[in-house]
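Residue numbers (UniProt numbering): 1 to 137.
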Amino acid sequence: MMDAEPAPEPGQDSSGESRFRAFRQAEALVESRRPLDALKALGPLLEEETDKPSVQLLAGRAYFHSAQLRRAERAFTRVLELDPTDHYARFVLGRTLQRLGRLTEALAQMRIASAMHPIPEYLEAISEVSARIALRD
């Protein structure tokens, strides 16, 4: 469910190739449950490619998995500013808000994600957050 990663263009300089390699390395590190290492690898990309949804989404995932929830929220929000149709970014923003205890906001994001792309994972999360809200009230 990842956004398209930055692809090197024909004839791209070694700087572009190194950015692509850094992205791929960070992606592998997130998948290997090494989010802090992934953030180190993403560092230059985060400075240079602030308008790339794929970079922001990967950073958000790394922040989320390293419990840097406010940074994750900012990264996922940035993805949605750049691409409001990214259902996965909306869903993980909802998960982030859930972990921050902002259940009503989380539920809204999850419902939008599910309306865009109704998969079981999204529907289960909606049920979970709805139940937590009902218990709280």
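Idealized CB from N, CA, C, for every residue including glycine.
- Every alpha helix (DSSP H) of 4 residues or more that sits fully in the stretch 38-103 is shown, in chain order, as 53-65, 69-82 and 87-99.
- Cβ neighbours of ALA41 within its own chain (closer than 7 Å, five residues either side excluded): ALA22, GLN25, ALA26 and LEU29.
- Around the CB of SER32, fewer than 16 other CB atoms lie within 10 Å, so the residue is classed as exposed.
- Annotation: ARG19 to ASP83 spans about 21 Å, alpha carbon to alpha carbon.
- The beta carbons of THR96 and GLU73 sit closer together than 9 Å.
- Under the three-state reduction of DSSP, ILE133 is assigned to helix.
- In the structure shown, the three-state DSSP call for PRO35 is helix.
- If you draw a 10 Å sphere on the C-beta of ASP51, you find fewer than 16 other C-beta atoms in it, and that means exposed.
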